[in-house]
Every structure is written in C-alpha cells, then in structure tokens.
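> Numbering (this note's numbering), first residue to last: 5 to 768. The beta-carbon is built from N, C-alpha and C at its ideal position, and this holds for glycine as well. Quantities reported herein were computed from a predicted structural model and do not represent experimental measurements.
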Ligand code: ACM
Ligand code: ZN
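1. For residue 39, which residues of its own chain have a beta-carbon under 8 Å away from its beta-carbon, when the five flanking residues on both sides are left out?
2. Of the residues 372, 123, 392, which one's Cα is nearest the Cα of residue 384?
3. Check residue 418 in the structure and name its three-state DSSP category.
4. Determine the direct distance from the alpha carbon of residue 282 to that of residue 198, and round the result to whole angstroms.
5. Give the straight-line distance between the Cα atoms of residue 761 and residue 630, rounded to the nearest whole angstrom.
6. According to DSSP, is residue 736 part of a helix, a strand, or is it coil?
7. In whole angstroms, what is the alpha-carbon distance linking residue 122 and residue 102?
8. What's the gap between the Cα of residue 245 and the Cα of residue 177?
9. Just the Cα atoms here: how many angstroms apart are residue 5 and residue 532?
10. Taking buried to mean at least 16 other C-beta atoms within 10 Å of its own C-beta, is residue 262 buried or exposed?
11. When the distance is taken between beta carbons, is residue 559 closer than 8 Å to residue 540?
12. From this set, 137, 241, 208, which residue's C-alpha is nearest residue 325's C-alpha?
13. Considering only heavy atoms of ligand 2, does any lie closer than 7 Å to the CB of residue 339?
14. Taking DSSP as the reference, what is the three-state secondary structure of residue 542?
15. Taking the alpha helix (DSSP H) that residue 250 belongs to, which residues open and close that run?
16. Do the stretch 675 to 686 and the stretch 709 to 721 touch if we need at least three Cβ pairs shorter than 8 Å?
17. What is the residue span of the beta strand (DSSP E) that residue 484 lies within?
18. May I have the straight-line CA-CA distance separating residue 267 from residue 327, to the nearest angstrom?
19. Pull the bridge partners of residue 599 from the DSSP assignment, please.
20. Can you list the alpha helix (DSSP H) stretches of 4 or more residues lying completely in the stretch 159 to 245, in chain order?
21. Go ahead and label residue 464 buried or exposed: buried means 16 or more other beta carbons lie within 10 angstroms of its beta carbon, across all protein chains shown.
22. Within a Cβ cutoff of 8 Å, which residues of the same chain sit near residue 733, ignoring the five residues on either side of it in sequence?
23. How many Å lie between residue 478 and residue 472 at the Cα?
24. Is the separation between the beta-carbon of residue 307 and that of residue 301 shorter than 8 Å?
25. Are the stretch 140 to 152 and the stretch 165 to 185 touching, with three or more C-beta to C-beta distances below 8 Å?
26. Once you ignore the five residues that flank residue 92 on each side, which residues in its own chain have a CB closer than 6 Å to its CB?
27. Excluding the five sequence neighbours on either side, which residues of its own chain have a C-beta within less than 7 Å of the C-beta of residue 23, listed in chain order?
28. Which residues bound the beta strand (DSSP E) around residue 387?
29. From residue 665 to residue 608, what does the alpha carbon distance come to, in whole angstroms?
30. CB of residue 393 to nearest heavy atom of ligand 2: below 7 Å?
31. If I'm right that residue 593 touches residue 572 with Cβ under 8 Å, what's the distance once you round it to whole angstroms?
32. Determine the extent of the beta strand (DSSP E) in which residue 331 is found, giving its start and end residues.
33. Please report the distance separating the alpha-carbon of residue 230 from that of residue 106.
34. Using 8 Å as the threshold, is the C-beta distance between residue 679 and residue 767 below it?
35. Can you tell me where the beta strand (DSSP E) with residue 2 in it begins and where it stops?
36. At least one CB of chain E closer than 8 Å to the CB of residue 209: is that the case?
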C-alpha cells in the first residue's frame with residue numbers, strides 16, 4: 005500500500021515536473037513570425053535572454069533615432085531600459101556594411117545565446133532589423149527572450165505606401181505619430197498625407213489666412229452613408245488644420261522612422277474648401293461652401309484664370325520647405341469638366357493653347373504645375389486621371405481606378421504606383437456581415453488585399469521595372485475617429501505591407517494568417533483597435549451537377565468546426581455539423597457559426613435563399629456584364645441569392661452603357677404568374693435604373709408577348725420589381741432593360757456611361 009502510494013506520488017511529481025518543463029520548452033519554442041515575411045529565416049535552436057545587463061552597441065555612425073521605437077516598445081514590455089554602450093556580451097550589436105548587405109533597406113539579423121547582431125545595408129536596414137526584432141520578443145514569466153535564428157531580408161519594392169485622408173475627418177498630430185510608428189513597424193516607408201479636399205483644407209498656408217479660418221472648417225457633416233436619401237446632417241461645425249510647426253514635427257518624426265511623407269495638394273478638382281475661401285478661383289466666382297457631405301463636386305479650380313496658378317504656386321512655395329520628399333502629389337482625380345465647358349476663361353484658354361477639349365485642358369493644368377514643381381527640384385505624382393489628354397513628361401502615375409493607368413504609364417516608361425481600389429482601398433468593407441461598421445462601398449476582404457499582385461502579366465520585364473511599388477488608401481468619410489480608422493485598416497494594412505516587402509514566391513495566405521495570429525498580442529499591447537474577425541465564415545453559392553443550389557461554408561480558423569441551422573434558429577454545438585457543401589432545397593435563412601472546441605468565434609453568419617421556378621435554369625445574355633460586375637457565369641442570376649446593398653458582393657451583374665437583354669429557358673412550358681428582377685439604383689456610384697424595363701414570355705423562343713413594362717424606379721438602392729401577371733403557360737422569359745446611357749449634366753460623373761445593375765431574375 006505504502007509502496008504503491010509512494011510510486012503514485014513519485015509519478016505525480018514526475019508528471020508535474022514534466023509538465024512544467026514542457027511548459028518552459030513550449031514557451032521557448034512558441035511559434036513566432038514576422039510581418040512582412042522576411043526573405044529567409046534559419047532557426048538555430050539557441051535562445052537570447054534579456055536582462056538589464058544587456059546593452060546596445062551602435063557602430064558605423066548609426067543614428068540613435070533608429071533605436072527610438074525599439075526602446076519605447078522594449079520599455080513598455082520589459083519595464084526597464086537597455087543602455088547604449090560599447091560592449092560585446094551580452095548585447096545587441098548594430099552596424100552598417102553595404103558590401104555585405106547589398107540590397108537597399110536590407111539587413112541581416114542573427115540571434116544567438118550571447119549576442120544579437122544586426123547588420124544593415126544602410127540606416128533604414130538597421131532600423132528594419134530592429135523592427136523585426138520587436139516582433140520576435142517574447143515575454144513569459146516576466147522574462148523576455150528571443151529564439152535564435154539568422155534572418156536575411158530586404159524589400160521587394162522601393163515604394164511601400166500608405167495613404168490617409170485627413171480632410172473628410174481630421175486626425176490630430178498625436179494620432180498621426182502613432183500611425184507613423186505602426187507604418188514603420190511593418191516596414192512601410194511612405195506616408196501619403198491627403199491634406200486638402202472638398203470637405204476641409206488641413207495645412208496652414210500663411211499667405212492665405214482664409215484657408216485656416218474658412219477652408220479648414222465645414223458647417224456640419226452628413227450622418228450615415230452618402231447613399232442614404234434624403235441626406236441628414238449633424239448641425240455641428242467641424243474642422244481643424246495642422247500648423248506649419250506641427251507639420252515640421254511630424255515630418256521629422258517620420259524621417260526618424262525612415263518614412264518619407266508625400267503631401268497631397270489636390271488640383272484641379274476636389275477644391276471646394278479652397279474655393280469657399282477664395283471664390284475668385286472658381287469658374288463662376290461662387291459663392292461656395294466647404295462641402296458637408298461626400299462625393300464629387302462640379303466646382304473646381306478655373307483653368308482659364310491666372311490667379312488659380314498664382315494661388316497654387318504660392319501654396320506650394322510654403323508646402324515645399326516643409327516636406328523634403330522627392331515627390332509632391334497634385335491629385336488630378338475626379339475633376340468634372342462641367343464648369344470648364346461653359347466658362348469663358350476656360351474656353352479662351354483652350355483656344356489660346358490650341359487644346360482639343362477639356363481633357364487636354366486638364367493635361368495643360370497638370371503640365372504647368374509639373375513644370376513649376378520640377379523647377380523647384382521636385383517630381384509630381386498624380387492619380388491615374390492625369391493620363392487624360394496626355395501625361396506630363398516626368399509624372400508618376402498612381403493607379404487607383406484599376407491597374408490600367410499603371411500599365412499605360414509603365415508602357416510609356418513612366419513610373420507608376422499600384423493602388424487599385426478593387427484590391428487595396430481599406431475604406432471598403434472587409435466583411436459582408438450586416439453588423440460591420442459603416443464603410444465606403446465595395447468589398448476588399450483581407451484575403452483579397454493579400455493576394456493582390458502589383459506586377460500584372462500585361463507588362464514585359466522591362467516595363468515592370470516602372471512599377472515602383474504599391475500603396476493602400478484609407479479615405480476617411482466613414483472614419484470619424486482613429487479607433488474607427490484602426491478597425492478599418494488593421495489587419496488589412498499588414499497584408500499590404502507584405503505585398504510591398506515580401507518576394508512573391510515567399511507569400512502564402514495561410515502562413516500569413518498564422519503569423520497574424522501571433523501578431524495579435526503585440527497589436528493589443530500597442531493599443532490597436534484591430535478587426536479580429538478575419539477567420540469568420542465565408543461562403544460560396546454553387547451550382548450542383550443537377551443544377552440545384554449548393555452552399556459551401558469555410559473558416560480559416562485552425563481546428564475549428566462550423567455548425568449551422570436551416571430553420572432560422574441560432575446555431576450551437578448541437579446544430580448540424582458542416583462537413584461538405586449542402587443542397588438548398590427550400591427558401592429560408594441559413595445561419596452558421598464557427599466553434600473552436602466549445603467556444604464560438606466571431607459573429608453568426610446568415611444568408612437568405614429565395615427559391616423560384618428559374619433556379620439553375622439556362623440564362624442567355626445578349627450583352628455581357630463588365631469589369632467588377634461580371635460574376636463570370638449566369639448562374640448568379642438564378643441562384644436564389646439576392647445581391648445586397650454592398651454592390652461588390654459578387655451577386656450583381658453590371659452593364660456599362662449597354663442594355664440588358666436576358667432570356668431564361670425554363671426547360672418546358674409551365675404556368676407563370678409572377679416575374680421579377682432586382683435593380684440597384686445608386687446614382688452616387690454611377691448605377692442608374694433603366695429607362696424602360698419589359699418582361700416578355702414565349703412558348704417557342706421565337707414569338708414573344710410583352711406582359712409587363714415599367715419606366716420609373718423610385719427606391720434609392722435596391723428596386724425589387726415583382727410583376728404579377730395573369731397565369732400563363734411559358735417556357736421562355738425575356739427581360740429587357742434599356743440603359744440610361746450617358747449620365748446627364750448635374751449628376752455624379754456626368755458624361756460617363758451609366759451602369760445598369762441587375763440581379764436575380766425571379767419566376768414564380
Ligand atoms: C480616388 O480614390 N479618388 C483617388
Ligand atoms: Zn473656368
């Protein structure tokens with residue numbers, strides 16, 4: 005008995021010790037990772053242990069600026085500082101050797117038990133080595149350790165940019181500094197500071213005091229989404245601006261962190277705030293008001309008025325000394341030509357300069373400003389519309405409406421930066437869940453940002469060299485505070501960082517997600533309002549072999565299990581376990597949730613299905629849908645899922661300037677009593693209702709009888725047309741929608757082709 009007891013006790017003690025040991029070992033080998041993924045990592049099994057005795061030894065004229073962020077973070081984590089002194093052990097050795105490390109901004113970081121060694125190609129390289137080290141620091145039982153390894157690393161692109169719009173919402177200097185720290189941590193080296201726009205001018209220009217007293221403020225701000233109709237306002241004066249002293253401090257702060265700030269002074273469009281203060285610079289002379297809602301405004305700088313150029317040159321004369329960057333961004337996007345068309349001064353300019361039209365007038369405008377900036381030793385960057393009417397000689401194109409602008413620029417041997425809205429606009433929705441905070445418009449989930457490849461196959465090797473890099477943009481219409489901005493931007497900015505830094509061959513989305521999960525404690529420690537919903541359910545509505553609807557669900561959460569219900573009840577561990585795509589055979593709501601063990605992760609997924617007689621039937625289109633609104637097949641028109649107000653949800657079919665003509669073949673004649681279609685009307689997004697919608701039916705596919713027509717569609721948003729008709733035998737249903745054609749004057753992007761957006765042809 006005693007013997008057995010002793011054995012059991014010994015066993016318990018042994019197991020306890022083993023477990024503790026295992027814990028220690030586990031803590032030591034805790035997986036870690038770096039974002040962006042380095043070029044190569046070799047682990048060596050050693051461990052470096054930090055203590056107050058560890059010192060940092062800086063050599064080769066390395067600036068102590070490089071240590072600021074590391075020291076700040078280390079102190080926060082450890083509660084003590086590391087001294088800076090000449091020592092060899094145990095220490096962090098920092099040096100520069102551009103013969104050994106040949107790539108600009110590159111570094112080697114080697115970690116052994118007694119020493120951490122960072123060799124940079126340059127100061128930036130040393131800094132980035134330290135940023136990688138920050139991500140490897142591990143705290144356990146109050147002790148800070150790092151796993152031994154050797155990292156060789158350098159960036160793929162020289163330009164790795166992040167943009168922030170401070171016009172629609174204003175972020176104070178301290179918030180901008182925190183922002184800069186985060187860009188630096190993820191090796192983003194350019195901050196594109198969008199300082200002027202219709203809704204507020206945010207930089208002090210001493211020569212023009214009204215920019216501070218009038219342009220920096222708006223009377224009130226729209227509440228909710230700009231698509232909501234009618235617009236509602238908060239009645240509160242809003243604004244602010246950065247003094248030149250503050251700007252200088254921010255630029256210095258950024259330089260210490262190897263970030264170049266490119267200021268954007270918008271022209272000739274997005275100028276309402278400036279015009280509000282100096283109405284003589286507009287074509288009509290005003291009066292104008294700083295905009296209180298979001299969009300594009302017809303009132304722009306007058307291109308025929310010399311005062312416009314004098315004003316902009318004077319503004320730039322004050323901006324340039326504040327920003328040492330090689331590049332100055334002059335905007336150039338979304339400049340309606342409506343006012344120029346009827347302005348005598350603009351028309352005079354077109355005549356005098358022998359310009360073909362208003363597009364060439366825009367090119368003239370940009371060309372003149374480029375010449376001025378070149379004379380001051382700077383280069384211009386502009387949004388892709390600066391290609392309109394001819395590109396200014398040395399301009400760099402920032403390709404945002406798509407990749408075409410960047411491709412065109414590269415083919416003309418101009419530098420380009422890729423920032424296509426479809427992939428890297430972080431003000432877009434990151435999730436299609438209805439409870440997602442209000443966002444700009446489209447849908448760019450983390451995976452879509454991550455998988456963006458800036459070098460498109462249209463470019464030859466030589467042309468590809470003109471793609472200098474990549475940038476993500478954060479427009480702030482719906483980012484009223486830094487906390488909201490962080491939620492919108494993190495973690496997608498980390499995906500952007502990896503596109504910019506990591507070689508294409510070294511990228512892997514599952515591996516990125518794994519590292520992102522390791523990164524979460526660091527982001528929490530840095531007090532970042534990260535959107536941690538990236539492992540929530542995503543779905544795919546598919547066609548089964550016998551043309552029924554199948555729903556596939558997935559989550560990227562490791563070891564997780566999805567449970568779902570088909571009766572509208574909340575899913576739990578006792579609900580159906582998802583193992584493979586399942587058939588949807590009745591109308592209703594599917595709900596699903598992800599569980600890790602017994603713990604639910606994230607929000608409950610929901611999807612409504614509406615079944616009808618045309619499900620899975622053949623649809624023939626006369627004109628093909630285009631661009632981002634071409635789901636690639638016609639199944640989505642008869643899949644029982646209705647396109648949502650998030651128009652980039654993959655359900656909508658968009659016809660750009662073309663009419664809709666679709667024929668559904670039900671396979672055999674059958675009684676039909678209701679015909680329907682959904683139409684998305686968002687004039688603010690160039691999406692217009694048809695001028696005429698008709699339904700026709702036929703039994704032979706040749707002779708059709710019109711059974712319904714409609715010419716007005718009143719709802720702003722989704723117009724669900726449901727036409728009840730006298731029950732009739734029909735096999736073929738023909739739906740025709742006449743496209744609005746050219747967007748009329750006075751409307752958003754007047755003169756452009758309207759999109760006719762349709763989804764789900766409903767037959768009952
Ligand atoms: C832009 O998004 N208007 C550049
Ligand atoms: Zn004019």
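Here's the rundown:
1. Within the same chain, Cβ atoms closer than 8 Å to the Cβ of residue 39 are found at 139, 190, 498, 501, 502, 516, 519, 520, 523, the five residues on either side in sequence being excluded.
2. Comparing Cα-Cα distances from residue 384 to each of 372, 123, 392, the minimum goes to 372.
3. Taken through DSSP and simplified to helix, strand or coil, residue 418 comes out as coil.
4. Between residue 198 and residue 282, the alpha-carbon positions lie close to 20 Å from each other.
5. Between residue 761 and residue 630, the C-alpha separation is close to 10 Å.
6. Looking at residue 736 - three-state DSSP - the assignment turns out to be strand.
7. Straight-line Cα distance between these residues: approximately 13 Å.
8. In a straight line, the C-alpha of residue 245 is about 10 Å away from that of residue 177.
9. Only weak support exists for where residue 5 lies, its pLDDT of 36 falling under 50; the coordinates are left without a value.
10. Taking every protein chain shown into account, the CB of residue 262 has 16 or more other CB atoms within 10 angstroms, so this residue is buried.
11. Contact check for residue 540 against residue 559 passes: the beta carbons are separated by less than 8 Å.
12. That would be 208, whose Cα lies nearest to the Cα of residue 325.
13. Residue 339 Cβ: outside cutoff for every heavy atom of ligand 2.
14. Strand, per DSSP.
15. Per DSSP, residue 250 is one residue of the alpha helix (DSSP H) stretching across 248 to 260.
16. Contact holds: three or more Cβ-Cβ distances are below 8 Å.
17. Element bounds for residue 484: n/a, residue is neither H nor E.
18. When rounded, the distance between both Cα atoms is 7 Å.
19. DSSP output for residue 599 lists 565, 604 as bridge partner(s).
20. If we require 4 residues or more, the alpha helix (DSSP H) runs fully inside the stretch 159 to 245 come out as 177 to 189.
21. The residue in question, residue 464, is exposed, as its Cβ has fewer than 16 Cβ neighbours within 10 Å.
22. Result list for residue 733: 673, 674, 675, 676, 703, in chain order.
23. Straight across, the Cα-Cα distance linking residue 478 with residue 472 is about 20 Å.
24. If you check the CB distance, residue 307 and residue 301 do not come in under 8 Å.
25. They do not touch, by the three-pair rule.
26. Once the five neighbours on either side are set aside, residue 92 has no close Cβ partner at all.
27. A caution first: residue 23 carries a pLDDT of 36, below 50, which makes its placement in the model unreliable, though a value can still be read off. Nothing listed; no residue qualifies.
28. It spans 383 to 387 - the beta strand (DSSP E) in which residue 387 sits, taken as one unbroken run.
29. As the crow flies, the alpha-carbon of residue 665 is around 38 Å from that of residue 608.
30. Taking non-hydrogen atoms of ligand 2 into account, the C-beta of residue 393 is found less than 7 Å away from none of them.
31. Between residue 593 and residue 572 a beta carbon distance of about 5 Å is seen, short of the 8 Å cut, so the two are scored as contacting.
32. It spans 331 to 335 - the beta strand (DSSP E) in which residue 331 sits, taken as one unbroken run.
33. Taking the CA atoms as reference points, residue 230 sits about 50 Å from residue 106.
34. In contact: residue 679 and residue 767 (Cβ atoms closer than 8 Å).
35. Nothing about residue 2 can be reported from this structure: the residues present for the chain run from 5 to 768 only.
36. Any reference to chain E falls outside this structure, which holds one protein chain only.
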